[in-house]
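Residue numbers (the working numbering), protein chains in the order written: chain A, 1 to 171; chain B, 172 to 893; chain C, 894 to 995; chain D, 996 to 1417. We put the beta carbon where it would ideally sit given N, CA and C, even for glycine.
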Amino acid sequence: MTIEKIIFLVIAAISLGAALMVVTSRKLIHSALWLILTLFGVAVVYGILDAGFLAVAQVVIYIGAIAILFIFAVMLTRRANQDTGSQNNQYWWVAAPLSALLFGGLVWMMGSWQGYSTELPKLALEAKSGMLKQLGQLLVSPDGYVLPFELASVLLVAALIGAIWVAWDRK
Amino acid sequence: MATNTLIWLLPIFPLLAFFAIVLFTNRNKALSHTIAIGAAFLSWLGSMIVFVRAIQGNLPFEKAIDWMPLGADKTTHFFIGVQVDQLTAVTLFFVAWTVLMIFLYSVGYHNFGQPKGDHDHPGLPPHGAKVPDAHGHVHAVPSIEPMYSRFFAFIALFAFGMYTLVVSDNLLTLFVGWEIMGLCSYLLIGFWYAKPSARAAAIKAFLTTRVGDVFMLLGIAYLYSETGSLSYKVIFNEHTLEKLAEPAGFLGMSIAGLIGLLLFIGTVGKSAQWPLHVWLPDAMEGPTPVSAMIHAATMVSAGVYMVIRMFPLISVGWHEGGSLTPTMTVMAIIGAGTALFAAVIAVGQNDIKRVLAYSTISQLGYMIAALGIGAYVAAAFHLVMHAFFKALLFLGSGSVIHGMEHGVLHTGDHAVDPQNMFNMGGLRNKMPVTFLTFTIGGLALSGFPLVTAGFWSKDEILADAFGNGYWLSFIVLALAALLTAFYTARQITLTFLGEPRTKEAAHAQETKWTMTLPLVVLAVFAVAAGWVGIPEGLTGGAIPNWFHEFVAGTLAEHLPVLEFNFLPMLLSMIIVLTGLTLGWWVYHGVKAGQPDPLAKPLGIFYTWMKNKFYFDELYDRLFVRPAYWLADTFTNKWMDRGVIDGTLHTISRAAYALGGVFRNYFDLPVVNGFGDMMGEGTKSFGHKFRAVQTGKIQQYMLSVLVFAVGILFYYLLSLLKP
Amino acid sequence: MVPLSWYLIFSAALFCIGLYGVLARKNAIAILLSIELMLNAVNVNLVAFWRYRYSEALNGQAFAVMVFAVAAAEVAVGLALIISIYRRRNTVVADDIDMMKW
Amino acid sequence: MSWNGFLAFVKDPLTEFAKGITYRLDVWGLSPELVNVIVKLLGAFVACMLSFALVILTIWVERKLYARVQDRLGPNRVGPWGIFQTVPDMIKIFTKEYITPDGADKVTYNLAPILAVSAVMLIWAVVPFAPTFFGSDINVGALYIVAVGAIGTLGIILAGWSSNNKYALLGAFRAVAQMVSYEVPMVLALLVPVLLSGTMGINSLVKAQSVWFILLAPLAAFIFFISSQAEVGRAPFDLLEAESEIVTGFQVEYSGLKFGMFFVGEFLHAFTISALFSALFLGGWRGPWAEQVPILGLAYFVIKTSIVYFFVILLRIAAPRMRIDQMLNFNWKFLVPLGLLLVMVTAVVEKLVIHYYTLWGLEFGSTNYLILRAVTHLVVNGLICVGALWLSQSFGKREPPRFDASRAVAVPPQSSESTATD
């Protein structure tokens, strides 16, 4: 039981708990906050996985932008979401076992898979800055992911404009 | 610039001008004619440069690109390209000059700068406009051509066609230029398309030349199938010609002869030789610059140019002084015949332009005849000279007409035909420049001895005929020369000398510089150009016969300059002078309203002359009416309506009945029944099951997930199985 | 060292929780939140696999970045939709948004 | 302790201190990674304490400066020049009553101030005080700063939302609008030094500044300065707590230490920003013998930071508050485009510089090379600056006058009355 394992277990527990709170808590704003906690946990997991950039990016994007957006949306639609009474629709009793079933199935599948490397491979590039550089080059190099990258940028612009257009109060 | 590149560029400028005007500057008249004239000027400049470089030697310039891959293997190509040898050079020279001059002239001719007409509309010649001056007097002034830009676009295209034809190094591109000019002649002759006569003339010209072109195309195809190439280099080298020399098994002609004959028929159409000459006089319906363009600069010259170009092919199996090949005989006969015949008709014409038209025909006949008797250089020489003075004459006549129209506008009596020479007279005082230049042109045309260009060229032809002992053609051509001199004198006399026969003539007015400047320039050429071809024998070699030396270089075997002989020259001098004096003497005293003095003495023959020997009527009977009949009665009424439609109608009725049967006994009960059943079934099905679509998205996702999980577990369980 | 399977189980759990949220929550915004959970689960998978099996190249991380972009776009548009729907029909309950049925 | 040891300690006390502790703990037989964790924790603790102490000072400095600028005396009772004025204030705040409004969301209401302060604290983790003394030089330091800023935003919005009060909510909205939008130019401005140095780690960034980046990228420095002010939310960007309009905005419902934490957070943030500025653009701890004697580096760093901080305060004192629309327009229509342009241009120019100057025989990193590079960037920046000013001059919308200037303020009395009296 190394420190890493302990840290991971703690983080995982926190994130999963937070995730559960997200889907169960009555007040929407709370679920948003719990979501933030979950995202934080995930960010830490990235950190443990030596993906520092992703960790920070996770914080910037999810917590700095997406979560804020959510909170905004919650505030804007405050009148409509009565935070009292059940937050679940009438099929939650179907959904819950089904999700559990799926989880079981996934675990089973993982169990039936023989690909687990017994030990953590040493990171080929120990210099983390090197990793960042490499990631950047991978993202913009023609034989790398430049096309998806550009597509993503286009997608973002489209989403931006679309969001403005959709949410525009034409009155 | 490299000469080859320059040559490529020559045709391009007018083409660009055409597109520019048609596409963009159509609205702006000034811009349009600036573009057109600019293009003409550029081409002129290029041509001059090419010409000068050509004179300096190292001919021919040629540049060809592989244009179209041939056959299964893509290695052999069809080459198209440009070529400038001596003949092309001189042709370029006169084409460039005349084209530029005509372009410039058109500006004045179409009354640029005048107000818009009061009741002009596109497709009709301008009727003139009424403008009040400072004192409130209303003056009738000529009005600007409504389709001014369009005109320049067309002649630009025309020039493009000519340049293409001249510089091309193979028969195909030559033919392309040829056809473009055919199109342009159609467009331009029918430029005032609202006039029925113009329409008719345009169609006539187009169809008539087409007849020739079909044969020409046949000739080209035959040539290609024989030699496998159309470029001059390949055709004119010795062993190709030898190969072509063997008999074709048709009237005992050689292959080359047959091809030459076919090509020559093309020329007959294009250069309006008998029997296809009928379109040319009617072509006078177009604006005068067009007439000049067609008769001097481009079209008819193109025909002759083509034959001259093809001379080595045509003259296969003929040697200097030898007996003529059948093709050449045909050419000689047709040429000489046309020369005389057209000259005769010309005498009987009163329309100033028609006279010139027929004189054109006859002069072309000269060239053809010259070629027919193997006078290669003489033909080329006469071609160039004729281009100059004929352009001059046409432009001059246009200027005269313009002056007359001015008079017509002044008097307002539109019944007076401003083209009829009997309405003119005494214009020499009214329009001196036109008078002088026109006279010079006329003298050149009639071949006034020793000074004019026409004399030298025509004399060379006559001398050739004489020297080689082709008596028949010599006599015929001499007669034609006489008549030429006669009707020229007649024309000048009727138009300029004597007293004005009408008020209009009295009020005629000199035209503006854009029209007179080209006249002057061309007049200079009409005189001076001839001096490059003075036979050495006359001057005892003091002045070298440069033209002969130069142009003869085109041919593979060198044509010897035949020894000089005074007799034909004296003869032609006498003939010309006689003709001129005769013409003047007959016509100098013609009063207003008096009929043609020749009418009485010649009698019936005069009417024949006047009606062009009824050729139009003959062709009308022979071809036009039958064609109409074939089209209307036979094809339309009998075949189309009767046979084809009848068949179709019966078939359709049968089909209709059959369809009815099908419909009532198969379609409605079976097919529709089935279809309706399906439709109804689907509808009711939908009604029953639409409850499933609740519009609640989570339900959908749930159902999806159920199946997804099901599949997942199916997969896992299948893993379990050994 | 943490075995790979732990990460996988973690992400699977996260995914299923998110799935449950998507299926069971009433509020459209809550659904979006849950979708974010699922996306994160996917990302965790990607990164874990990258780290444990393909750590010589950074494709896993690149994919994760792409997922970030997609998530951002999705949230932007989704929330915009929800807000405009809220403006028109004054509800954010997913089940009430069923104008398109039948 | 030997003389050399003493010298070493003088040169770099903090490292030596850390060494000592590590040694001790090793002696106690703890596993090395655990020791590492403990030492880091200690360092973090020290940093936080230092920062709090610093705040006490900065508050006094700020008040004093305020007073001087406004021609007052300012705090002058407690201690020499009233330097301990803050202490009684603190005591006052500590002893105040905690009021939690009805309908407030307890958890978030209490969470918000903590977030607000901790966000600022977290920044200190990457600030390099001296060549050897910094929390950590993670390779994404620049990004990290932004991320932490996001957390600060979160704190504020939570504060606004949880304290069930419309003014608070308004303030929060404004705050978020402001912070989220001003994050964009800040990131862009951060990217420029990153481009120039080729690294994101703050310490490596400082190391790379053999020429201060403010010389290479003055415009970027300018943008960073402005947008960081907006991030902090002080005048002239203090309309998220505009006392006069929305009664100190999101923190209206807070009292006692919670309010104090926001307060501290703001002051500390201001100071942190100046520290970052000096690290990013003024070459951080760089200076003569800084590498050999790290304590000197610390000194340099503190000096630079305080100079920047001085300007920050002056700005706050001098500048009037902006309207929200002005602020957003200024951001989206001026700063962001300018930042984008800067990033692109800098990237291109840097590439060209590296390529051509090395091509022309200047060997990379030599003095001439550095000077030329700096000059080039400076010139380019100047050009861009001129262009931007010209554009904003010619195409920028003029504010319509709020009042009719032509109207006379005082109307002269009518002479007709005088005539009527007779």
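So what's LYS366/B in DSSP terms, helix, strand or just coil? Here LYS366/B sits in coil by DSSP.
Taking only beta-carbon positions, decide if ASP884/B is within less than 8 Å of chain A. The residue asked about is misnamed: residue 884/B is Phe in this sequence, not Asp. Among the residues facing chain A, PHE884/B is included, as its CB has a counterpart in that chain under 8 Å away.
Check the Cβ-Cβ distances between ILE1118/D and every residue of chain A, and say whether any is below 8 Å. Judged by the 8 Å Cβ criterion, ILE1118/D is not in contact with chain A.
Own chain partners of VAL555/B with C-beta closer than 6 Å, once the 5 adjacent residues on each side are dropped: For VAL555/B, the CB contacts under 6 Å within the same chain, skipping 5 residues up- and downstream, are VAL261, PHE265 in chain order.
Excluding sequence positions up to five away, which residues of its chain have a Cβ less than 6 Å from the Cβ of ALA463/B? Answer for ALA463/B: ILE273, ALA562, PHE565, LEU566, listed in chain order.
Against ILE868/B, what residues of chain C qualify as contacts under a CB-to-CB distance less than 7 Å, listed in chain order? The contacting residues are ALA987.
Using a Cβ cut-off of 8 Å, pull out every chain C residue sitting near MET872/B, in sequence order please. Within 8 Å Cβ-Cβ: VAL915, LEU916.
Rounded C-alpha distance that separates PRO589/B from ALA528/B: Cα-Cα distance, rounded: 17 Å.
Are the stretch 155-171 of chain A and the stretch 238-255 of chain B touching by the rule of at least three beta carbon pairs closer than 8 Å? Here the stretch 155-171 of chain A does not lie against the stretch 238-255 of chain B, with fewer than 3 beta-carbon pairs under 8 Å apart.
Check: ALA1062/D C-beta below 7 Å from any heavy atom of the ligand NAD: The ligand NAD is absent from the structure shown, which contains no ligands of any kind.
Using 8 Å as the threshold, is the C-beta distance between ASP787/B and VAL449/B below it? Judged by their CB atoms, ASP787/B and VAL449/B are nearer to each other than the 8 Å cut-off.
Tell me, please, whether the CB atom of GLU1358/D is closer than 8 Å to any CB atom in chain A? With 8 Å as the cut-off, GLU1358/D does not count as an interface residue toward chain A.
Counting beta carbon pairs with one atom in the stretch 1168-1181 of chain D and one in the stretch 1101-1115 of chain D, are three or more of them shorter than 8 Å? With a cut-off of 8 Å on Cβ pairs, the stretch 1101-1115 of chain D is not in contact with the stretch 1168-1181 of chain D, counting fewer than three such pairs.
Mind checking the stretch 176-189 of chain B against chain C and listing, in chain order, the residues whose C-beta falls within less than 9 Å of any C-beta there? Sequence-ordered contacts of the stretch 176-189 of chain B with chain C are nonexistent [C-beta pairs closer than 9 Å].
Based on the DSSP secondary-structure assignment, which residues constitute the bridge partners of ASN88/A? ARG918/C.
Straight-line CA distance for GLN1080/D to ARG1318/D? About 33 Å.
Alpha helix (DSSP H) segments (min. 4 residues) lying fully within the stretch 296-354 of chain B: The stretch 296-354 of chain B contains these whole alpha helix (DSSP H) runs: 319-338.
Just to confirm the assignment, what range does the beta strand (DSSP E) spanning LYS1087/D have? Here LYS1087/D belongs to no beta strand (DSSP E); instead the alpha helix (DSSP H) covers 1081-1089.
Let me see if you follow: with CB-CB separation under 8 Å, is TRP93/A close to chain B or not? Answer no: the Cβ-Cβ gap between TRP93/A and chain B never drops below 8 Å.
Terminal residues of the continuous beta strand (DSSP E) containing HIS248/B? Taken as a continuous stretch (DSSP letters only), the beta strand (DSSP E) holding HIS248/B covers 248-255.
Using a Cβ-Cβ distance cut-off of 8 Å, determine whether VAL877/B contacts chain A. Chain A has a Cβ within less than 8 Å of the Cβ of VAL877/B.
What's the call for VAL1122/D, buried or exposed, on a 16-neighbour Cβ count within 10 Å? Buried, by the Cβ-count rule.
Quick one: Cα of LEU429/B to Cα of THR682/B, how far? Their backbone Cα atoms lie some 50 Å apart in a straight line.
Taking the Cβ atom as the reference point for each residue, do ASN591/B and ASP522/B lie within a distance shorter than 8 Å? It is a contact, given that the beta carbons lie within the stated cut-off.
Proximal residues, the stretch 1179-1202 of chain D versus chain A, C-beta separation under 9 Å: Within the stretch 1179-1202 of chain D, the residues whose Cβ lies closer than 9 Å to some Cβ of chain A are VAL1182, GLY1193, THR1194, MET1195, GLY1196, SER1199, listed in chain order.
Partner residues on chain C for VAL258/A, Cβ-Cβ distance less than 8 Å: In the structure displayed, chain A extends from 1 to 171; residue 258/A sits before or after that span and is not available.
Using the beta-carbon of each residue, which ones in chain A are nearer than 8 Å to GLU1028/D? Against GLU1028/D, the close residues of chain A are ILE3, in the order they occur along the chain (beta-carbon pairs closer than 8 Å).
For the stretch 324-333 of chain B against the stretch 298-314 of chain B, are there 3 or more C-beta pairs whose distance is under 8 Å? Verdict: no, contact absent.
Own chain, CB closer than 6 Å to HIS281/B, minus 5 neighbours either side, in chain order: Result list for HIS281/B: GLU316, TYR319, in chain order.
If we ignore side chains and look at the alpha-carbon of each, how far apart do ALA1415/D and VAL1064/D end up? Confidence at ALA1415/D is low in this model, with a pLDDT of 46, below 50, so its placement is unreliable and no value can be given for it.
If you measure between the beta carbons of GLY134/B and SER628/B, is that distance less than 8 Å? Absent from the structure is residue 134/B, since the part of chain B shown begins at 172 and ends at 893.
Just verifying my parser: in three-state terms, what is the DSSP assignment at ASN1160/D? Residue state for ASN1160/D is assigned as coil, using DSSP reduced to three classes.
Identify every residue that forms a DSSP beta bridge with GLU233/B. Bridge partners of GLU233/B: GLN254/B.
Please check the pair LEU1153/D and ALA1107/D, which I expect to be a contact at CB under 8 Å, by giving their CB distance rounded to whole angstroms. Between LEU1153/D and ALA1107/D, the beta carbon gap of about 4 Å places them in contact (Cβ cut-off 8 Å).
Contact under 8 Å by Cβ, SER570/B with MET538/B: In this structure, SER570/B lies away from MET538/B, with their beta-carbon atoms at least 8 Å apart.
Find out if the Cβ-Cβ distance for the pair VAL1175/D, THR1148/D is shorter than 8 Å. It is a contact, given that the beta carbons lie within the stated cut-off.
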